[in-house]
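S.K.: Residue numbers (our numbering), protein chains in the order written: chain W, 1 to 421; chain C, 1 to 230.
Beta carbons: idealized from backbone N, C-alpha and C, even for Gly.
From a predicted model like this one, the values you see are computed outputs, not experimental measurements.
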Ligand SMILES: Nc1ncnc2c1ncn2[C@@H]1O[C@H](COP(=O)(O)OP(=O)(O)OP(=O)(O)O)[C@@H](O)[C@H]1O
Ligand SMILES: [Mg+2]
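Here is the structure:
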């Protein structure tokens with residue numbers, strides 16, 4: 001028989017039960033204060049731990065990205081479309097002066113023009129392959145930490161001066177003040193040769209760089225390698241790495257589609273990878289914590305349902321339908337969540353807030369940090385995901401836990417529940 | 001429709017206990033008319049509770065039919081039975097009648113709230129019900145702050161506040177002393193006489209039987225005696 005057929009004998013009117021259910025659920029929550037605080041404490045602890053860890057992770061990633069891009073690469077690079085895959089001399093950005101003008105017109109950015117060429121680097125009888133970058137030292141020093149790593153001497157001040165890496169210096173056998181000869185081919189096919197004085201030696205801590213890269217003034221490279229008013233790369237720094245994609249759009253928009261504008265994650269995939277691996281590790285840990293807490297909530301609610309079997313039997317007997325009883329228990333789970341997350345957030349905001357001011361020292365990082373004048377502390381970074389992940393997952397977890405526990409209510413027979421006082 | 005409120009026809013109920021059949025009800029034919037005040041008595045295990053539960057739709061008979069206020073219960077789903085109990089019946093059990101976190105007043109209003117009665121009317125009716133049972137000044141106490149007899153009175157208030165066609169009580173006085181028992185029965189008698197409330201109560205207690213208009217005696221799942229009070 002359908003319910004309609006029963007009418008008006010058994011007419012089921014929809015009722016406004018939210019207030020009723022909410023009141024009973026809230027008071028039920030405090031029937032067993034100790035258990036509620038233990039369970040809510042678990043939720044609070046998980047919220048605190050996951051929020052703290054996620055903001056620290058984000059802070060650390062931010063620092064990794066800043067120190068990786070801040071060394072010399074920049075957040076964004078403009079180049080010829082083929083240059084990244086085919087680093088040939090002829091893949092240039094033409095009309096460099098105009099281009100730099102356009103970039104400099106964009107507010108809030110710093111940009112460094114660069115032109116580079118392969119060359120055979122020799123002194124006396126020894127020769128090694130190297131890559132000579134012509135750069136604007138004033139801008140580079142402003143923007144990057146790399147040239148803070150000059151260990152000996154100074155930066156070039158004229159077109160016949162050059163700085164080289166420690167390893168290169170050792171390989172070729174030169175010291176500050178010695179003469180170095182670079183041999184390559186110019187863009188028009190002519191022989192490019194320059195003889196320069198080593199005025200400085202750097203040590204970046206990255207073997208690959210120290211062994212291959214030489215830096216001289218931009219005009220020197222442009223003249224010797226027959227580049228004229230052309231560049232290979234414009235390296236750009238932005239104030240906040242989190243806005244790198246918006247900034248890329250802005251730059252691409254301003255320069256037009258003839259240029260390749262790439263973000264750091266495209267030319268430094270190893271940094272992305274390191275972050276991804278750490279992120280996955282983090283998610284595994286958060287997952288474990290959140291699942292563990294959810295299980296303790298399941299346990300609590302199974303106990304609640306077990307203890308109140310007789311009460312639920314009575315409620316069914318006097319006419320409260322099973323779905324409404326389930327809703328009442330789920331509301332209780334919701335309150336458990338609210339209390340836990342409120343406490344967890346409260347603690348996290350104090351804790352993370354303090355660390356955002358004070359920072360967390362990174363062990364073993366002081367020396368490098370000192371050399372390159374970058375921070376040796378991690379500052380937690382707050383974003384929506386770091387604040388919301390734990391609460392959202394726990395909301396799902398506690399509601400699922402409540403649901404699993406309340407499924408038993410459907411099978412409560414009032415007669416059985418009320419039997420045997 | 002006649003004034004028959006409950007009609008049981010050939011109601012049988014058998015339980016399995018350790019795979020031995022226990023005949024709780026063996027073909028019970030039983031009618032309750034509007035305005036009846038019936039006690040179900042009999043030895044322990046004679047089927048009193050089973051009969052009440054079957055009438056209340058808390059348990060289903062194996063065969064036979066139960067009709068309450070013209071509705072055949074065998075045709076109803078579990079949730080329809082729950083709805084029927086809400087609309088037409090009041091229940092008082094031996095114990096654990098009340099929601100421990102609600103005050104007396106809220107416990108009584110609870111049923112009306114489930115029925116969708118608006119707040120102002122709810123309050124008024126609950127207050128009246130509590131008042132009529134002499135609980136006016138205890139309406140804000142929670143069950144834990146009430147004596148056993150007071151709790152049972154609140155349970156009665158809750159069960160009558162919605163004007164059910166039938167009040168079912170399973171040993172409502174079993175946990176009470178004799179003085180309190182007589183108080184409670186006086187209230188039930190008044191309800192029956194003044195409000196014409198139809199009441200069926202299971203009991204062991206001769207005092208209870210002495211208050212009812214009609215005494216039904218069960219033995220081994222069958223009605224042994226069905227007599228009107230002298
Ligand atoms: N769920 C059940 N499973 C097995 N047997 C049951 C069940 N419910 C009742 N019985 C049996 O059915 C018979 C009738 O039980 P019922 O509870 O109706 O008796 P009663 O008259 O209310 O007894 P009491 O005075 O002790 O309350 C008893 O023999 C009882 O053991
Ligand atoms: Mg019984």
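Nearest to residue 154 of chain C by CA position, among C:201, C:103, C:199, C:170, is which residue?
M.R.: Walking along the second chain from the start, residue 154 of chain C turns up at place 154. Comparing Cα-Cα distances from residue 154 of chain C to each of C:201, C:103, C:199, C:170, the minimum goes to C:103.
S.K.: Under the criterion of a Cβ to heavy atom distance below 7 Å, does residue 202 of chain C qualify as lining ligand 2?
M.R.: Working through the second chain from its first residue, we reach residue 202 of chain C at position 202. Yes; taking the cut-off as 7 Å, the Cβ of residue 202 of chain C has a heavy atom of ligand 2 nearer than that.
S.K.: Just how far apart, CA to CA, sit residue 144 of chain W and residue 52 of chain W?
M.R.: On the first chain, position 144 is the one that residue 144 of chain W refers to. On the first chain, position 52 is the one that residue 52 of chain W refers to. Rounded to the nearest angstrom, the two C-alpha atoms are 30 Å apart.
S.K.: Around ligand 3, what residues have a beta-carbon under 5 Å from a heavy atom of it, in chain order?
M.R.: Absence of ligand 3 from the depicted structure is noted, with ligand 1 and ligand 2 being the only ligands included.
S.K.: Since residue 140 of chain C and residue 105 of chain C are thought to touch, with beta carbons under 8 Å apart, how far apart are those beta carbons, to the nearest angstrom?
M.R.: Counting from one through the second chain, the residue named residue 140 of chain C turns up at place 140. Counting from one through the second chain, the residue named residue 105 of chain C turns up at place 105. So it is a contact: roughly 6 Å between Cβ atoms.
S.K.: Specify whether the segment 214 to 222 of chain C and the segment 11 to 27 of chain C touch according to this definition: at least 3 beta carbon pairs, one from each stretch, less than 8 Å apart.
M.R.: Touching, yes.
S.K.: Taking DSSP's pairing of strands, which residues face residue 115 of chain W in a bridge?
M.R.: Here residue 115 of chain W corresponds to residue number 115 of the first chain, with the count starting at 1. Answer is W:134.
S.K.: Distance, Cα to Cα, residue 405 of chain W vs residue 79 of chain C?
M.R.: One-based indexing of the first chain puts residue 405 of chain W at position 405. One-based indexing of the second chain puts residue 79 of chain C at position 79. Using only the alpha carbons, I get a separation of about 20 Å.
S.K.: At 7 Å on the CB atoms, spell out the chain C contacts of residue 415 of chain W, in chain order.
M.R.: Position 415 of the first chain, counted from the first residue, corresponds to residue 415 of chain W. Those are 53, 58, 59, listed as they occur along chain C.
S.K.: Is it the case that the CB of residue 416 of chain W approaches a heavy atom of ligand 2 more closely than 7 Å?
M.R.: As a working note, residue 416 of chain W is residue 416 in the first chain. It does not: the Cβ of residue 416 of chain W is nowhere closer than 7 Å to a heavy atom of ligand 2.
S.K.: Look up residue 202 of chain W in the DSSP assignment and say whether it is helix, strand or coil.
M.R.: The residue given as residue 202 of chain W occupies position 202 in the first chain. Residue state, collapsed to three classes: strand.
S.K.: Tell me whether residue 59 of chain C, by its Cβ, gets closer than 7 Å to a heavy atom of ligand 2.
M.R.: Here residue 59 of chain C refers to the residue found at position 59 of the second chain. It does not: the Cβ of residue 59 of chain C is nowhere closer than 7 Å to a heavy atom of ligand 2.
S.K.: Quick one: is residue 1 of chain C near chain W, going by C-beta distance under 8 Å?
M.R.: For the purposes of this step, residue 1 of chain C is taken as residue 1 along the second chain, with counting starting at 1. Note that residue 1 of chain C has pLDDT 42, beneath the 50 cutoff, so the model's placement of it is unreliable and the number below is only indicative. For residue 1 of chain C, the answer is no, since every Cβ of chain W falls outside 8 Å of its Cβ.
S.K.: Please work out which residues of its chain come closer than 6 Å, Cβ to Cβ, to residue 259 of chain W, disregarding the five sequence neighbours upstream and downstream, and give them in chain order.
M.R.: Counted from its first residue, the first chain places residue 259 of chain W at position 259. So the qualifying residues of the chain are 78.
S.K.: Does the beta carbon of residue 226 of chain C fall short of 7 Å from some heavy atom of ligand 2?
M.R.: Locating residue 226 of chain C in the second chain gives position 226, counting from the first residue. Every heavy atom of ligand 2 is 7 Å or more from the Cβ of residue 226 of chain C, so no.
S.K.: Hey, does residue 99 of chain C have any beta-carbon neighbour from chain W nearer than 8 Å?
M.R.: Within the second chain, numbered from 1, the residue matching residue 99 of chain C stands at position 99. Output row for residue 99 of chain C: interface = yes.
S.K.: For the beta strand (DSSP E) containing residue 217 of chain C, name the first residue and the last one.
M.R.: In the second chain, residue 217 of chain C corresponds to position 217, counting from 1. First-last of the beta strand (DSSP E) with residue 217 of chain C: 214 to 219.
S.K.: Does at least one heavy atom of ligand 2 sit under 7 Å from the Cβ of residue 170 of chain C?
M.R.: Here the question's residue 170 of chain C lines up with position 170 in the second chain. For ligand 2, at least one heavy atom lies less than 7 Å from the Cβ of residue 170 of chain C.
S.K.: Is the beta carbon of residue 73 of chain C sitting closer than 8 Å to the one on residue 66 of chain C?
M.R.: On the second chain, residue 73 of chain C is found 73 positions in, with the first residue counted as 1. On the second chain, residue 66 of chain C is found 66 positions in, with the first residue counted as 1. Yes; because the gap between Cβ atoms is below 8 Å, this pair is in contact.
S.K.: Going by C-alpha distance, which of W:20, W:96, W:68 is nearest residue 113 of chain C?
M.R.: Walking along the second chain from the start, residue 113 of chain C turns up at place 113. If we check each option's Cα against that of residue 113 of chain C, W:20 comes out closest.
S.K.: With three or more C-beta pairs closer than 8 Å as the rule, is the segment 32 to 51 of chain W touching the segment 283 to 302 of chain W?
M.R.: Counting Cβ pairs under 8 Å, three or more are found: they touch.
S.K.: Report all residues from its chain with a CB closer than 8 Å to the CB of residue 46 of chain C; omit the five preceding and five following residues, and keep chain order.
M.R.: Here residue 46 of chain C refers to the residue found at position 46 when the second chain is read from its first residue. Excluding residues within five positions, the ones whose Cβ falls inside 8 Å are 218, 219, 220, 221.
S.K.: Is the shortest distance between the beta-carbon of residue 9 of chain W and the beta-carbons of chain C less than 8 Å?
M.R.: Position 9 of the first chain, counting from 1, holds the residue named residue 9 of chain W. Low confidence applies to residue 9 of chain W: its pLDDT is 44, below 50, so where it sits in the model is not reliable, and the reading given next is rough at best. With 8 Å as the cut-off, residue 9 of chain W counts as an interface residue toward chain C.
S.K.: Starting from residue 26 of chain C, follow the beta strand (DSSP E) in both directions and report where the run begins and ends.
M.R.: Residue 26 of chain C sits at position 26 when you count from the first residue of the second chain. Segment 20 to 33, the beta strand (DSSP E) holding residue 26 of chain C.
S.K.: For residue 361 of chain W, which of helix, strand or coil comes out of DSSP?
M.R.: The residue you call residue 361 of chain W lines up with position 361 of the first chain. DSSP places residue 361 of chain W in strand when its eight states are reduced to three.
S.K.: Sorted by chain position, which residues of the same chain lie with C-beta nearer than 6 Å to residue 344 of chain W's C-beta, five sequence neighbours on each side aside?
M.R.: To locate residue 344 of chain W, count along the first chain from 1; it is residue 344. Excluding positions up to five away in sequence, the list reads 44, 47, 48.
S.K.: Could you say which of W:114, W:107, W:104, W:55 lies nearest to residue 83 of chain W if we only look at CA atoms?
M.R.: The sequence position of residue 83 of chain W within the first chain is 83, counting from 1. Answer by Cα proximity: W:114.
S.K.: Report all residues from its chain with a CB closer than 7 Å to the CB of residue 157 of chain C; omit the five preceding and five following residues, and keep chain order.
M.R.: Position 157 of the second chain holds residue 157 of chain C. The answer, listed in chain order, is 108, 129, 130, 133, 135.
S.K.: Is any beta-carbon of chain C found at less than 8 Å from that of residue 314 of chain W?
M.R.: As a working mapping, residue 314 of chain W is identified with position 314 in the first chain. So yes, residue 314 of chain W belongs to the interface.
S.K.: Start and end of the alpha helix (DSSP H) containing residue 303 of chain W?
M.R.: Position 303 of the first chain, counted from the start, is the residue given in the question as residue 303 of chain W. Looking at the DSSP string, the run of the alpha helix (DSSP H) that includes residue 303 of chain W is 269 to 307.
S.K.: Quick check on residue 333 of chain W - is its C-beta less than 8 Å from some C-beta in chain C?
M.R.: Here residue 333 of chain W is taken as the residue at index 333 of the first chain, counted from 1. No - not a single Cβ of chain C is within 8 Å of the one on residue 333 of chain W.
S.K.: Name, please, each residue of chain W whose Cβ falls closer than 7 Å to the Cβ of residue 16 of chain C.
M.R.: Walking along the second chain from the start, residue 16 of chain C turns up at place 16. Ordered by position in chain W, no residue passes the 7 Å Cβ test against residue 16 of chain C, which lies about 14 Å from the chain.
S.K.: Comparing the C-beta of residue 125 of chain C with each C-beta of chain W, is any distance below 8 Å?
M.R.: The residue you call residue 125 of chain C lines up with position 125 of the second chain. No, residue 125 of chain C lies away from the interface with chain W (no Cβ there is under 8 Å from its Cβ).
S.K.: Find the nearest neighbour of residue 177 of chain W within the set W:152, W:227, W:286, judged by alpha-carbon distance.
M.R.: One-based indexing of the first chain puts residue 177 of chain W at position 177. Here the closest residue by C-alpha is W:152.
S.K.: Rounded to a whole number of angstroms, what is the C-alpha to C-alpha distance between residue 143 of chain C and residue 290 of chain W?
M.R.: If you number the second chain from 1, residue 143 of chain C lands on position 143. If you number the first chain from 1, residue 290 of chain W lands on position 290. Using only the alpha carbons, I get a separation of about 38 Å.
S.K.: Taking the alpha-carbon of residue 303 of chain W as reference, which of W:278, W:314, W:329, W:268 has the nearest alpha-carbon?
M.R.: Residue mapping note: residue 303 of chain W aligns to position 303 of the first chain, counting from 1. Cα-wise, what sits closest to residue 303 of chain W is W:329.
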